[in-house]
Amino acid sequence: LVQKEYVLWKYDILKPLVFTKPKISYRYDPKKEKYPKSWWFRTIRHPLLTEIYSTFYIPKGYRTGKKIVPKHIVHLLDSFGLAIWVMDDGSYHKGVIDISTYSFLLPEIKLLQITLKEKFNVDIRYYKDRDKGYRMYCNMKETKKLIQTIKPYIIPSMMYKIGFQN
Numbered sequence: 014l015v016q017k018e019y020v021l022w023k024y025d026i027l028k029p030l031v032f033t034k035p036k037i038s039y040r041y042d043p044k045k046e047k048y049p050k051s052w053w054f055r056t057i058r059h060p061l062l063t064e065i066y067s068t069f070y071i072p073k074g075y076r077t078g079k080k081i082v083p084k085h086i087v088h089l090l091d092s093f094g095l096a097i098w099v100m101d102d103g104s105y106h107k108g109v110i111d112i113s114t115y116s117f118l119l120p121e122i123k124l125l126q127i128t129l130k131e132k133f134n135v136d137i138r139y140y141k142d143r144d145k146g147y148r149m150y151c152n153m154k155e156t157k158k159l160i161q162t163i164k165p166y167i168i169p170s171m172m173y174k175i176g177f178q179n
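Numbering (this note's numbering), first residue to last: 14 to 179.
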């Protein structure tokens, strides 16, 4: 619910591929009382979206439907995309940005490290988070470089993801 502005921002970008406006979804608590859970919208089926899906997800076979890092990510990721990735999966705590990358295999994490260094001169590290998978993070110095790269694209309500209050 706190990310409503972000959902509306994404909706504005994807509006040509959406037939209905964002809606609020509801859940029920143990007492069967309805409460608001989140904002959402659904895109239509479209060849462009199918192409994006086939680039970033395995459609058939091993790990079906899992997110992947395409081998040519260095040619796909730009500052805007990196900002969206941080707004989606990033967090900021004690001067450090951390990115959830649980669905990726270790070779994919290493490919992301190489890409971030090559494209943005940001050294990012990773750690195994119990049995969940890997998380990537920047130390304080590298977090500052990452913020310089993505701050122009971070919307006001998501500035907390890079350590700023909105």
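Glycine is no exception: its CB is placed at the ideal position from the N, C-alpha and C atoms.
A direct Cα-Cα distance of roughly 17 Å separates residue 138 from residue 87.
Per DSSP, reduced to three states, the secondary structure at residue 51 is strand. Taking C-alpha positions only, residue 65 is separated from residue 174 by approximately 25 Å. Note: residue 113 is bridge-paired with 148 in the DSSP secondary-structure output.
Rounded to whole angstroms, the gap between the alpha carbons of residue 19 and residue 51 is 12 Å. Looking at the DSSP output, residue 108 shares a beta bridge with no other residue. Taken atom to atom, the span from the alpha-carbon of residue 83 to that of residue 95 is near 15 Å. Under the DSSP definition of a beta bridge, residue 142 partners with 146.
Its chain contains 110, 137, 159 as the residues whose beta carbon lies nearer than 6 Å to that of residue 151, once the 5 sequence neighbours on both sides are disregarded; these appear in chain order.
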